[in-house]
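Note that the protein sequences, when read in sequence, are chains A and B. The first sequence stops at residue 372 when you use the working numbering, and every number in between is there. The second sequence stops at residue 372 when you use the working numbering, and every number in between is there. C-beta: ideal position from N, C-alpha, C; glycine also. Being a predicted model, the structure only gives us computed values, none of them experimental. Below is one structure; the comments refer to it alone.
Protein chains: 2
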Amino acid sequence: MSKVKIAVDCMGGDNAPAEIVKGCIETLKTGEDKLVLVGKSGIIDNELSKYSYDKERIEVVDAAEVIENEEIPTVAIRRKKNSSMVVGLNLVKEGRADAFISAGNTGALLTGATVIVGRIKGVERPCLATLIPAEKGPALLMDVGANTDCKASYIVQFAKMGSVYFENVMGVENPKVGIVNIGVEEEKGNLMTREAYKLLKETDLNFIGNAEARDLMTHVADVLVCDGFTGNIILKFGEGFAMTIFRMVKKSLMSSLISKLGAMLCIGSLKGLAKTMDYAEVGGAPFLGLTSLVVKAHGASDARAVVGAVEQCHSFIEKDIVNKIKEKL
Amino acid sequence: MSKVKIAVDCMGGDNAPAEIVKGCIETLKTGEDKLVLVGKSGIIDNELSKYSYDKERIEVVDAAEVIENEEIPTVAIRRKKNSSMVVGLNLVKEGRADAFISAGNTGALLTGATVIVGRIKGVERPCLATLIPAEKGPALLMDVGANTDCKASYIVQFAKMGSVYFENVMGVENPKVGIVNIGVEEEKGNLMTREAYKLLKETDLNFIGNAEARDLMTHVADVLVCDGFTGNIILKFGEGFAMTIFRMVKKSLMSSLISKLGAMLCIGSLKGLAKTMDYAEVGGAPFLGLTSLVVKAHGASDARAVVGAVEQCHSFIEKDIVNKIKEKL
């Protein structure tokens, strides 16, 4: 496979541009991909000057504007033609990059990607998919926020795209697909999940039925499909829950001298656990259903998350996921 | 206030009848409430014979049938007139008991309660409310499963009922109300949450806007309103998440001799934490919007959960919540 060229939005996210550029530099240590850094070139060059790196593998494309988090997606995409996001998406559209990663305004990225890059035929709504940590290995949760209100037919398309992704990227043949639901029985759930259940039964997917919310963390299915409101609630609630519990455990362990001593002895084991449950280890969220790859990195992405997202893009492109999704739909 | 009479379904739930009856006996140690144990009298009497207790305070009402978990709610309620659930609900309807607690089939209890006990005027749909553990004290989450598809007007009614409940039972004046959502801004969420936001702004409630799923565990609002699908997903996912993390922590701590030793030193502090996060400590879920009190106890309820649910009923009745909800709506 030829080398891959990945465009990265250096202006998006809480830690831009420093951590984003740092992450780009770190990816050069492994692999052979080329990176296109998109954003205000003065700022990017300044960040780059802090490092010594292979200049053949980094290209900077100037974009004078930035779409901020509080901007209205449709308006921002239409008006800011010179934003790092719009410029990056156009690089992908024009084939000057194989993929685009941004930690910026999610709504704007989704709107821009759909309008500029375009949908695969047969996909009514592209969706965000993300690997969530689970006890027996990560599962793919989708949609996690692109479509807050979904028809059952979208869910079926999500399931098909997710199966292709999981089979190829995670190497699991005929992955299990489940609908995120409040009970296992076919008649459980809301109007949409009940309709989706009927439709999914008729597909050639490895549909296992409903996946109860209670069992998501134990990896009851490889691909977990739901509307983007539910998926985002699960993702955010899980993140908040984990942070709260870890904070409370820490406070509790620091509450006495004896437990402090105990904590010192446990810390090695617990760090391994924290790594298993770490969302940043898992990478960004690919936006599935587009004719090229666009990845949403977490708004709080640090250099390590950028490295994860770049690796994910590499794997996605190497496995030719876009064409495989086209075949499936 | 006069003594309260609470009917308990002794046949519903995973641990019925033994743990349910045991819990009923334990409640006699505190308070002065009378209990009506509903179910197959032979079985209940047999359980009761294991204890010595004040016979004046326990009454057994025979019910020959049991509604099983897998039965279709509407059919079960219509056909099994002599089930512990239908008999118990009729006791409340006829004023022979002040409240009814069941750990049985949730759908059947909700259907039965609505049909037999009846709704408060102005309440389109009664809803299940439950206290969820949070870092700064429990918050009330509602609906947690009675109505999987909700109109925005239901959400407003949930918010009013929840405010009355939280103010009176938890003693928080003018409690903060938030919509469970995927972002804080008014335009975030799905069609239903956006409409509910507009309607809630117009009420006299202490509406704080959207409560992000990420912040639910830190107690960002006292009353958290959502549709029953979302609420149930949060509740079940939270339970599953907590169980998975505790299991993984345990496994991790047992993985080496040193961390085992450390764990022994920490265990006291961590047990306190586990208690804070324990759902059973918090009690059952009242079904709000009915003309009398019906409480859904967790299907896995043990004696301790029954004690919690009985205490909750006592407090609910003492504070005259039903009439206060009537006034509010």
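Rounded straight-line distance, which links the Cα of residue j to that of residue i
{"i": "B:Thr173", "j": "B:Pro329", "result": "7 Å"}
{"i": "B:Met44", "j": "B:Asp141", "result": "Annotation note: pLDDT 45 at B:Met44 (below 50); position unreliable, no value reported."}
{"i": "B:Asn133", "j": "B:Val187", "result": "24 Å"}
{"i": "B:Leu242", "j": "A:Gly283", "result": "28 Å"}
{"i": "B:Val365", "j": "B:Val207", "result": "9 Å"}
{"i": "B:Leu278", "j": "A:Val135", "result": "41 Å"}
{"i": "B:Lys194", "j": "B:Arg162", "result": "17 Å"}
{"i": "A:Val64", "j": "A:Leu78", "result": "10 Å"}
{"i": "A:Val118", "j": "A:Thr261", "result": "41 Å"}
{"i": "A:Asp76", "j": "A:Ile68", "result": "11 Å"}
{"i": "A:Met185", "j": "B:Ile101", "result": "52 Å"}
{"i": "B:Gly138", "j": "B:Val160", "result": "10 Å"}
{"i": "A:Lys203", "j": "B:Leu308", "result": "50 Å"}
{"i": "B:Pro169", "j": "A:Asn224", "result": "21 Å"}
Reduced DSSP secondary structure (H/G/I, E/B, other) of residue i
{"i": "B:Val365", "result": "helix"}
{"i": "B:Val329", "result": "According to the sequence shown, residue 329 of chain B is Pro rather than Val. The answer is strand: DSSP assigns B:Pro329 an E or B state."}
{"i": "A:Gly66", "result": "helix"}
{"i": "A:Val187", "result": "coil"}
{"i": "B:Cys170", "result": "strand"}
{"i": "B:Arg290", "result": "helix"}
{"i": "A:Leu336", "result": "strand"}
{"i": "A:Val263", "result": "coil"}
{"i": "B:Val104", "result": "strand"}
{"i": "B:Leu300", "result": "helix"}
{"i": "A:Met44", "result": "Because A:Met44 carries a pLDDT of 45, less than 50, the predicted location of this residue cannot be relied on, and no value is offered for it."}
{"i": "A:Asn224", "result": "strand"}
{"i": "B:Val109", "result": "coil"}
{"i": "A:Leu242", "result": "helix"}
{"i": "A:Asn253", "result": "strand"}
{"i": "B:Asp258", "result": "helix"}
{"i": "B:Val268", "result": "strand"}
{"i": "A:Leu78", "result": "strand"}
{"i": "A:Ile175", "result": "strand"}
8 Å Cβ cutoff met for residue i and residue j
{"i": "A:Glu229", "j": "A:Ser196", "result": "no"}
{"i": "B:Gln355", "j": "B:Gly327", "result": "yes"}
{"i": "A:Asn148", "j": "A:Pro116", "result": "yes"}
{"i": "A:Ala264", "j": "A:Ala254", "result": "yes"}
{"i": "A:Thr246", "j": "A:Val292", "result": "no"}
{"i": "B:Gly82", "j": "B:Asp52", "result": "yes"}
{"i": "B:Asp97", "j": "B:Leu71", "result": "yes"}
{"i": "A:Ala50", "j": "A:Phe143", "result": "yes"}
{"i": "A:Phe209", "j": "A:Val266", "result": "yes"}
{"i": "B:Gly66", "j": "B:Ile175", "result": "no"}
{"i": "A:Leu296", "j": "A:Ala306", "result": "yes"}
{"i": "A:Val349", "j": "A:Ala343", "result": "no"}
{"i": "B:Ala177", "j": "B:Leu234", "result": "no"}
{"i": "A:Thr73", "j": "A:Ile120", "result": "no"}
{"i": "B:Lys367", "j": "B:Asn211", "result": "yes"}
{"i": "A:Gly205", "j": "A:Val227", "result": "no"}
{"i": "B:Met128", "j": "B:Ala146", "result": "no"}
The ligand ZN heavy atom lying under 7 Å from the CB of residue i
{"i": "B:Asp141", "result": "The ligand ZN is absent from the structure shown, which contains no ligand whatsoever."}
Cβ of residue i within 8 Å of any chain A Cβ
{"i": "B:Gly147", "result": "no"}
{"i": "B:Asn275", "result": "yes"}
{"i": "B:Glu54", "result": "According to the sequence as given, residue 54 of chain B is Met; it is not Glu. Chain A, which has no Cβ nearer than 8 Å to the Cβ of B:Met54, makes this no."}
{"i": "B:Cys384", "result": "Only positions 44 to 372 of chain B appear in the structure, and residue 384 of chain B is not among them; the question remains open."}
{"i": "B:Ile49", "result": "no"}
{"i": "B:Ala172", "result": "no"}
Neighbour flag for residue i against chain B, beta carbons, 8 Å
{"i": "A:Val153", "result": "Here residue 153 of chain A turns out to be Leu, not Val, going by the sequence shown. No, A:Leu153 does not count as interfacial toward chain B."}
{"i": "A:Ser358", "result": "no"}
{"i": "A:Gly165", "result": "no"}
{"i": "A:Ile368", "result": "no"}
{"i": "A:Leu316", "result": "yes"}
{"i": "A:Ala59", "result": "no"}
{"i": "A:Gly180", "result": "no"}
{"i": "A:Ala239", "result": "no"}
{"i": "A:Leu372", "result": "no"}
{"i": "A:Gly305", "result": "yes"}
Closer than 8 Å between beta carbons: that is the criterion. Which residues of the stretch 184-213 of chain B meet it against chain A? Those residues of the stretch 184-213 of chain B that come within reach of chain A (Cβ to Cβ, closer than 8 Å) are Gly188, Thr191 and Asp192.
Please list, in chain order, the residues of the stretch 243-272 of chain A that have any C-beta partner in chain B closer than 7 Å. Residues of the stretch 243-272 of chain A whose Cβ lies closer than 7 Å to any Cβ of chain B, in chain order: Glu255, Ala256, Arg257, Asp258, Leu259, Met260, Thr261 and Phe272.
Below 9 Å between beta carbons is the criterion; list the residues of the stretch 116-140 of chain B that meet it against any residue of chain A, in chain order. Flagged: no residues at all.
What are the residues of the stretch 67-87 of chain B that lie near chain A, defined by any Cβ-Cβ distance shorter than 9 Å? Residues: none.
Against chain B, which members of the stretch 277-300 of chain A pass a CB distance test of less than 7 Å? From the stretch 277-300 of chain A, only Ile277, Lys279, Phe280, Gly281, Glu282, Gly283, Phe284, Thr287, Ile288, Met291, Val292, Ser295, Leu296, Ser298 and Ser299 have a Cβ closer than 7 Å to chain B.
Report the residues of the stretch 325-354 of chain B with a CB closer than 9 Å to any CB of chain A, ordered along the chain. Under the 9 Å Cβ criterion, the stretch 325-354 of chain B contributes no residue.
Note down, in chain order, all residues in the stretch 88-107 of chain A with a beta-carbon under 9 Å from any beta-carbon belonging to chain B. Result list empty, no residue passes.
Taking Cβ-Cβ distances below 7 Å as the criterion, which residues of the stretch 224-237 of chain A are in contact with chain B? Hits within the stretch, in order: Ile225, Gly232, Asn233 and Leu234.
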